[in-house]
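This is the structure:
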């Protein structure tokens with residue numbers, strides 16, 4: 013009888029890296045940014061806060077999805093070869109290790125640097141008499157009215173504890189029954205700042221809100237003996253699908269709203285508890301939520317996302333580096349672009365690379381279109397909007413001015429569902445034609461078309477992008493976009509809008525590749541073409557830059573390319589399920605991840621094509637969901653725009669400061685540079701000139 017393989021042997025034997033374990037490696041790279049010597053303490057706190065926000069979402073969605081199998085005794089086999097229960101064990105072991113790493117960074121590396129930088133965390137007992145008076149006033153006037161003690165006993169049902177909210181579990185003595193304890197919960201409202209701020213001797217003192225409340229807890233439990241307080245936080249399953257809804261659009265919106273309520277009451281998948289907790293109280297939580305020991309995460313400090321309050325303190329703003337100002341787009345006459353954007357775009361395609369080039373150019377085009385009497389129609393897909401969005405305001409203004417405005421608001425955009433419903437309804441009331449997504453798929457593509465009457469013709473101004481129409485994230489995410497009036501793009505995008513807003517069936521596009529449909533097939537065809545070149549002894553190469561790479565069919569095609577001698581270079585920020593540098597499988601595959609000041613969000617696909625490159629940009633990652641469960645688009649670029657896209661790939665491949673290379677086992681090794689010196693792609697683009705593009709060669 014053959015020996016059964018161990019978990020490690022199964023993982024090592026698999027051709028594929030686990031999606032979820034790969035995501036953990038990504039969050040480790042983000043945490044590594046909080047350990048870089050050249051970063052200031054506030055920068056480090058920012059990256060630690062990002063890891064916590066990432067982890068919260070991972071627990072809600074990916075771990076939540078896992079429990080959708082576990083709770084219904086369903087099995088699945090992960091990419092790494094493990095079945096559901098052993099995979100859960102492996103995943104939670106690594107999650108526990110990661111949270112310990114977070115705590116080590118915070119306690120040992122960051123807190124010791126607070127005082128020398130002008131701020132510090134304090135306990136209530138550290139405060140002066142004067143400071144305590146201030147906290148007492150704040151508690152009485154602001155905090156006390158917001159708190160509600162919720163007892164749990166034979167007469168009171170167990171309260172519904174809100175997702176991701178700090179909660180004090182309070183153990184008190186029953187005044188009527190000697191030796192009997194009562195248990196209750198006090199949730200700390202999320203609209204209270206995590207830290208109460210004080211100043212002393214020019215330093216900012218930060219008192220955690222839970223310490224402040226604990227100091228005055230007796231005001232909530234008058235004449236009752238408080239035995240202990242335990243701080244904890246629950247995380248609930250936030251994963252749900254959209255397969256079971258009525259075909260009526262209004263019912264669909266109502267269904268989404270109902271599902272959003274479910275996120276607040278979903279199954280608990282994690283409990284974080286502060287050290288010094290009451291054991292009996294924790295046992296109650298474990299029994300109530302049907303948890304195991306591995307679901308309990310114990311640390312000295314809970315909820316690192318609250319560190320954003322410190323990062324955003326004005327009095328500490330000098331501890332954050334000033335980022336360079338955006339530069340003008342290449343190959344444009346800036347004055348002419350500002351004076352008459354419509355005429356300029358008729359003459360010249362425009363490439364925008366955010367945040368190096370501002371999104372203001374696109375916003376200017378939209379705002380001008382809203383007012384221009386010659387603009388007849390605006391069509392746009394929206395996935396995520398900024399707060400107080402200028403995009404939304406321009407669309408409202410256009411509708412008010414009598415223009416036809418069609419908006420596809422994707423209400424299934426995770427964690428933006430409610431905002432998108434509200435914004436969509438606002439536009440609908442203004443007279444826009446609004447649709448709330450397409451049957452059972454997410455519309456993730458980023459397309460805009462402005463139809464304008466010219467002297468003798470109708471001109472379509474088409475914008476295609478990898479990023480959202482969100483002016484806030486455009487300052488933080490690297491994205492590529494392209495504005496053109498070329499008729500071939502206008503025809504393709506017109507056809508595409510007819511498909512997603514009506515009942516048209518797509519014809520063959522000339523410059524677009526779309527999903528659901530032919531994207532996976534087309535990309536594999538382009539990879540196979542490179543294989544044919546390599547087999548003829550010609551130069552062949554594939555370079556792909558995406559957020560995530562997980563689709564098995566594409567991975568198998570890239571393995572075939574590697575075996576045929578095609579040089580494959582992958583720039584994958586996050587999840588990557590392909591195994592590089594594996595003998596006989598992927599020796600010609602090199603993978604790097606870039607994690608730095610900006611979040612790498614561009615998607616670019618390059619195929620050498622025997623010296624006549626085919627280059628695409630767009631919204632799609634190499635994920636099963638991107639090909640099968642989303643409406644996505646990739647657009648071909650040529651000429652000067654193609655040169656700029658190739659420069660992005662070239663600079664990314666040269667990067668040293670922000671780069672990590674993936675090893676065969678799925679781990680990553682940082683490129684070693686001294687104190688942040690070396691080639692930094694995220695700063696080099698501010699200095700990129702048109703003449704620099706002539707020397708770009710990728711294969």
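In the numbering used here, the protein residues as written are 13 to 711.
For each residue, glycine too, the CB sits at the ideal point set by N, CA and C.
Treat the numbers as computed from the prediction; the structure is a model and nothing was measured.
Self-check item: Residue from 578, 684, 562 whose Cα sits closest to the Cα of residue 27
Solution: By 1-based counting over the chain shown, the position of residue 27 is 15. Nearest C-alpha to residue 27: 562.
Quiz item: Ends of the beta strand (DSSP E) at residue 389?
Solution: By 1-based counting over the chain shown, the position of residue 389 is 377. Unbroken beta strand (DSSP E) run through residue 389: 387-394.
Practice problem: Counting only the same chain and skipping the five closest in sequence on each side, list residues whose C-beta sits under 6 Å from that of residue 577. | Solution: In the chain shown, counting from the first residue as 1, residue 577 sits at position 565. 546, listed in sequence order.
Quiz prompt | As assigned by DSSP and simplified to three states, the class of residue 149 | solution = Along the chain shown, read from residue 1 onward, the residue named residue 149 stands at position 137. Residue state, collapsed to three classes: helix.
Exercise. Return yes when the Cβ of residue 625 is within less than 8 Å of the Cβ of residue 619, no when it is not.
Key: Residue mapping note: residue 619 aligns to position 607 of the chain shown, counting from 1. Residue mapping note: residue 625 aligns to position 613 of the chain shown, counting from 1. Result yes, Cβ atoms of residue 619 and residue 625 sit closer than 8 Å.
Exercise. Could you check what DSSP says for residue 644 in three-state terms: helix, strand or coil?
Key: Against the chain shown, residue 644 aligns to sequence position 632. Note: residue 644 maps to strand in three-state DSSP.
Practice problem: Could you have a look at residue 87 and say whether DSSP puts it in helix, strand or coil? | Solution: On the chain shown, residue 87 is found 75 positions in, with the first residue counted as 1. Taken through DSSP and simplified to helix, strand or coil, residue 87 comes out as coil.
Quiz item: Quick one, which of 481, 226, 32, 700 has its alpha-carbon nearest residue 368's?
Solution: Along the chain shown, read from residue 1 onward, the residue named residue 368 stands at position 356. That would be 700, whose Cα lies nearest to the Cα of residue 368.
Quiz item: In terms of residues, what are the limits of the beta strand (DSSP E) holding residue 207?
Solution: Within the chain shown, residue 207 is the residue found at index 195, counting from 1. Per DSSP, residue 207 belongs to the beta strand (DSSP E) from 207-212.
Practice problem: Since I believe residue 442 is in contact with residue 399 (beta carbons under 8 Å), could you give me their beta-carbon distance rounded to a whole number of angstroms? | Solution: The sequence position of residue 399 within the chain shown is 387, counting from 1. The sequence position of residue 442 within the chain shown is 430, counting from 1. Their Cβ separation, rounded to whole angstroms, is 19 Å, which puts residue 399 and residue 442 out of contact at 8 Å.
Exercise. Tell me where the beta strand (DSSP E) around residue 220 begins and ends.
Key: One-based indexing of the chain shown puts residue 220 at position 208. It spans 215-220 - the beta strand (DSSP E) in which residue 220 sits, taken as one unbroken run.
Quiz item: When you compare only the Cα positions, how much space is there between residue 615 and residue 344?
Solution: Within the chain shown, numbered from 1, the residue matching residue 615 stands at position 603. Within the chain shown, numbered from 1, the residue matching residue 344 stands at position 332. Rounded to the nearest whole angstrom, the CA to CA distance from residue 615 to residue 344 is 23 Å.
Quiz item: Is residue 23 helix, strand or coil by DSSP?
Solution: Reading the chain shown from its first residue, position 11 is the one you call residue 23. Correct three-state label for residue 23: helix.
Quiz prompt | Buried or exposed (CB count within 10 angstroms, at least 16 for buried), residue 56 | solution = Working through the chain shown from its first residue, we reach residue 56 at position 44. Residue 56 is buried by the Cβ-count criterion.
Practice problem: Compute the distance between the beta-carbons of residue 36 and residue 46, then report whether it is under 8 Å. | Solution: For the purposes of this step, residue 36 is identified with residue 24 of the chain shown, where counting begins at 1. For the purposes of this step, residue 46 is identified with residue 34 of the chain shown, where counting begins at 1. No, these two residues do not count as a Cβ contact at 8 Å.
Quiz item: In its own chain, which residues sit with a C-beta less than 6 Å from the C-beta of residue 21, not counting the 5 before and 5 after it?
Solution: Your numbering for residue 21 matches position 9 in the chain shown. Result list for residue 21: empty, nothing under 6 Å.
Quiz item: Is there contact between the segment 237-252 and the segment 330-350, where contact requires at least three CB pairs shorter than 8 Å?
Solution: Contact fails between the segment 237-252 and the segment 330-350, because fewer than three Cβ pairs, one in each stretch, are under 8 Å apart.
Quiz item: Quick one: Cα of residue 710 to Cα of residue 575, how far?
Solution: Your numbering for residue 710 matches position 698 in the chain shown. Your numbering for residue 575 matches position 563 in the chain shown. Using only the alpha carbons, I get a separation of about 20 Å.
Quiz item: Would residue 644 be called buried (16 or more neighbouring beta carbons within 10 Å of its own) or exposed?
Solution: Stepping through the chain shown from its first residue, residue 644 is reached at position 632. With 16 or more neighbouring CB atoms inside 10 Å of its own CB, residue 644 falls in the buried class.
Practice problem: Can you give me the Cβ contacts of residue 751 inside the same chain, cut-off strictly under 7 Å, excluding the 5 residues immediately before and after it? | Solution: Residue coverage of the chain in this structure runs from 13 to 711, which leaves residue 751 outside it and unanswerable.
Quiz prompt | Cross-strand partners of residue 363 (DSSP beta bridge) | solution = Within the chain shown, the letter at position 351 stands for residue 363. The partner list for residue 363 (beta bridge, DSSP) reads 494.
Quiz item: Nearest to residue 192 by alpha carbon, out of 217, 174, 165?
Solution: Stepping through the chain shown from its first residue, residue 192 is reached at position 180. Of 217, 174, 165, the residue nearest in Cα terms is 165.
Quiz item: Would you call the segment 636-656 and the segment 452-462 touching, i.e. three or more CB-CB distances under 8 Å?
Solution: yes
Exercise. Could you name each continuous beta strand (DSSP E) segment of 3 residues or more that falls completely within the segment 414-470, going from the start of the chain to the end?
Key: 416-421, 445-447, 458-465
Quiz item: Enumerated in chain order, which unbroken segments of the beta strand (DSSP E) with a length of 3 residues or greater are wholly contained in the segment 611-681?
Solution: 616-619, 626-630, 642-649, 671-674
Quiz prompt | Residues sharing a beta bridge with residue 194, DSSP | solution = Residue mapping note: residue 194 aligns to position 182 of the chain shown, counting from 1. DSSP lists 184 as partners of residue 194.
Practice problem: Label residue 498 either buried or exposed according to how many other C-beta atoms from any shown protein chain fall within 10 Å of its C-beta, with 16 as the threshold for buried. | Solution: The count along the chain shown starts at 1 and reaches residue 498 at position 486. The residue is exposed, with fewer than 16 neighbouring Cβ atoms inside 10 Å.
Practice problem: Please list, in chain order, all residues of the same chain as residue 356 whose beta carbon is under 6 Å from its beta carbon, the five residues on each side excluded. | Solution: The sequence position of residue 356 within the chain shown is 344, counting from 1. These residues qualify, in order along the chain: 348, 349.
Exercise. Put residue 592 into one of helix, strand or coil per three-state DSSP.
Key: Sequence index remark: in the chain shown, residue 592 carries index 580 (1-based). In this structure, residue 592 counts as coil in the three-state DSSP scheme.
Exercise. Would you list the residues sitting across from residue 162 in a DSSP beta bridge?
Key: Walking along the chain shown from the start, residue 162 turns up at place 150. DSSP, once it has assigned bridges, lists 197 as partnering residue 162.
Quiz item: Sorted by chain position, which residues of the same chain lie with C-beta nearer than 6 Å to residue 706's C-beta, five sequence neighbours on each side aside?
Solution: Your numbering for residue 706 matches position 694 in the chain shown. For residue 706, where only same-chain residues beyond five positions count, there are no Cβ hits under 6 Å.
Quiz item: Is residue 119 closer than 8 Å to residue 312 when the C-beta atoms are compared?
Solution: Counting from one through the chain shown, the residue named residue 312 turns up at place 300. Counting from one through the chain shown, the residue named residue 119 turns up at place 107. Their beta carbons are under 8 Å apart, which means residue 312 touches residue 119 by this criterion.
Practice problem: Output the distance between the C-alpha atoms of residue 524 and residue 629, rounded to the nearest integer angstrom. | Solution: Locating residue 524 in the chain shown gives position 512, where the first residue counts as 1. Locating residue 629 in the chain shown gives position 617, where the first residue counts as 1. When rounded, the distance between both Cα atoms is 10 Å.
Quiz item: In or out: residue 97 buried (at least 16 other Cβ within 10 Å) or exposed?
Solution: Here residue 97 is taken as the residue at index 85 of the chain shown, counted from 1. It is exposed - the Cβ of residue 97 has fewer than 16 other Cβ atoms within 10 Å.
Quiz item: Skipping 5 residues on each side, what residues in its chain have a beta carbon closer than 8 Å to that of residue 675?
Solution: Here residue 675 is taken as the residue at index 663 of the chain shown, counted from 1. So the qualifying residues of the chain are 592, 593, 681.
Practice problem: Could you pull the start and end residues of the alpha helix (DSSP H) that residue 551 belongs to? | Solution: Reading the chain shown from its first residue, position 539 is the one you call residue 551. For residue 551, there is no enclosing alpha helix (DSSP H), as DSSP marks it with neither H nor E.
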